[in-house]
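The structure appears right after this line, and notes come after that.
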Amino acid sequence: MKGPDEWDGRELPGSPGERPRIPSPRSAAEDHGPLPDTPPVPVRDPAGDTVDALPDTGPGSEPPAAPQPFPDSDPGPPHRVLKSLLGAWALAACSAEETAAVETHLTDCASCADEALRLRDAVGLLHPADSLDLDPLLRSRVLEGALGRRPARIPVPDWAAPYDAETAKLDALLHDMGEAEWRAPVRLRWFEGDRPVERETTVAGVMGHLMAVDGLVATALGLTDPLGTAAPPGTPDPLIRTETFWRAADETRRPLTVHAPWRDQSYALMRQVSFAGGRVAELAVPYGDFRLALRDSFLDRAFECWVHAGDIAEAVDYPYVPPASGHLHQMVDLAARLLPSALADRRRAGLAAPPQRLVEAGAPGRTLHLEVEGNGGGHWYIALDSPAALGTPEHTVAHIALDSAEFCQLAAGHISPEEAAAGQDGERDAIREVLFATASLSRL
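Just add 17 to wherever you are in the sequence shown, counting from 1, and you've got this note's numbering.
Shown next, in the form of structure tokens:
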């Protein structure tokens, strides 16, 4: 059924459905030039005689000005066009020119003004627009629900679940990226000693770095080294392996080709530890001058995956969410457990003051209370004088309170110890040393 302003052209003259023919408006006389002079209007003098009102043409008088034609004015879009724009106008979807034309029309057309008011009220009842992007936690929730109904025959170890979740999130971020985004510049940041360090690379370079360092875990589990024959000999080192991969990368190769090998490697790691179960949890993974148990190495790789995924998301201007609360707590716990060893390493390098007293292994000693607030937070007691000492609440000499996001940014080397907005109480030197030890956990 057609509206009053619609006509499809099928109603031909003389047919039963012929639409009444409305003549187009005739143009005004003044549209064709100046009007002819009108005869003077007769007036009466005081005596009652009729006198023609003639223009004064005596000496010094000016001739009457000729009538001027009315200037042409822009009639604007027709009514039916403006009426069709009311819906878009109510949704604020019109261009600036269309909006101006509609709003000008609404001041002159009562029927359109009433319709616009009804449409604007209806828009207020609509739900706000939701993002078309899937919730990054959707996968974990679906898996949790599915496993709640039917447990996995070969479950993923709890300590490997954060790595599984973070690699899946990063894989989803990379899935729809084009080649230009893979070449987007990324600034990597970490701490060396007491100073921040930066390195410029690309999204493809970041993924190559993750794959090269994940290769340390892969080779420890007996899987293929992603560097192949180019793997550097001797003690594995994350920085050396990354530099080797970047040098060996073919610049003519499309950068997004690193996505599939990284994803396949992460799948292989998850399959390997799922089938092996708890038998490999304490397997040592070398990281150059230190080692981590496999269970801690998976948490370390989950943390690095999240941090560098954030670097990539920032480079391509895309939002990225932090890990789930339980997973983030495991990552923070790993960093807190590594702090006594990081303090000892800084003392050996001459970057921190020597311990105030010697403590036997397993005995309580001077302690810093680390309070991490917010998502994934908790309380940890850090031994200050020896990695083998026991941190206890009774021997606390200092207290630091940090938000979980800020603590993770500090541990990732993205903010300096001086920038960390920590709530501090107690021995100032102990607080400073722990903050710098937290930053020293970061690396490329």
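The C-beta atom is built at its ideal place from N, Cα and C for all residues, glycine as well.
Checklist entry - What is the DSSP secondary structure of residue 307, reduced to helix, strand or coil? => result If DSSP states are grouped into helix, strand and coil, residue 307 belongs with coil.
Checklist entry - Curious, which full-length alpha helix (DSSP H) runs of at least 4 residues does the stretch 274-352 contain? => result The qualifying runs are 276-293 and 311-332.
Checklist entry - Considering residue 205, what are the terminal residues of the beta strand (DSSP E) in which it resides? => result Residues 202-209.
Item to check | Own chain, CB closer than 6 Å to residue 381, minus 5 neighbours either side, in chain order | outcome: The answer, listed in chain order, is 407, 409 and 412.
Next on the checklist: What does DSSP give as the partner residue(s) for residue 114 in the beta ladder?
Outcome noted: In DSSP, residue 114 forms no bridge with anything.
Item to check | Classification of residue 171 by the beta-carbon crowding that lies within 10 angstroms, buried from 16 upward | outcome: Residue 171 should be labelled exposed.
Next on the checklist: Within 10 Å of its beta-carbon, does residue 295 have 16 or more other beta-carbons around it, so buried, or fewer, so exposed?
Outcome noted: By the neighbour-count rule (16 or more Cβ atoms within 10 Å), residue 295 is not buried but exposed.
Checklist entry - Given 8 Å as the limit, is there contact between the stretch 342-354 and the stretch 221-229, that is, 3 or more CB pairs closer than that? => result Taking a cut-off of 8 Å for Cβ pairs, the stretch 342-354 and the stretch 221-229 do not touch, as fewer than three such pairs fall below it.
Item to check | Secondary structure of residue 196, DSSP reduced to three states | outcome: Note: residue 196 maps to helix in three-state DSSP.
Checklist entry - Buried or exposed: residue 292, going by 16 or more other Cβ atoms within 10 Å of its Cβ? => result Here residue 292 is exposed, its C-beta having fewer than 16 other C-beta atoms within 10 Å.
Checklist entry - Any idea what DSSP makes of residue 40, helix, strand or coil? => result Residue placement at residue 40 is poorly supported in this model, since its pLDDT is 46, which falls under 50; the coordinates are not used for a value here.
Checklist entry - Closest to residue 354 by CA distance: which of 230, 166, 386 and 218 is it? => result Selected option, being the one with the closest Cα: 386.
Checklist entry - residue 426: which of 131, 339 and 449 sits nearest, CA to CA? => result Among 131, 339 and 449, the Cα nearest to that of residue 426 is on 339.
Checklist entry - How would you write the range of the alpha helix (DSSP H) that residue 233 sits in, first residue to last? => result Note, residue 233: alpha helix (DSSP H), 220-237.
Checklist entry - Where do the ends of the alpha helix (DSSP H) carrying residue 97 lie? => result Per DSSP, residue 97 belongs to the alpha helix (DSSP H) from 96-101.
Item to check | Whole-number beta carbon distance between residue 187 and residue 322, since they are thought to touch under 8 Å | outcome: The pair is a contact, with the Cβ atoms about 6 Å apart (cut-off 8 Å).
Next on the checklist: Taking only three categories from DSSP, how would you classify residue 370?
Outcome noted: Reduced to three states, the DSSP call for residue 370 is coil.
Checklist entry - Out of 421, 423, 371 and 356, which has the shortest C-alpha to C-alpha gap to residue 400? => result For the residues 421, 423, 371 and 356, the minimum Cα distance to residue 400 belongs to 356.
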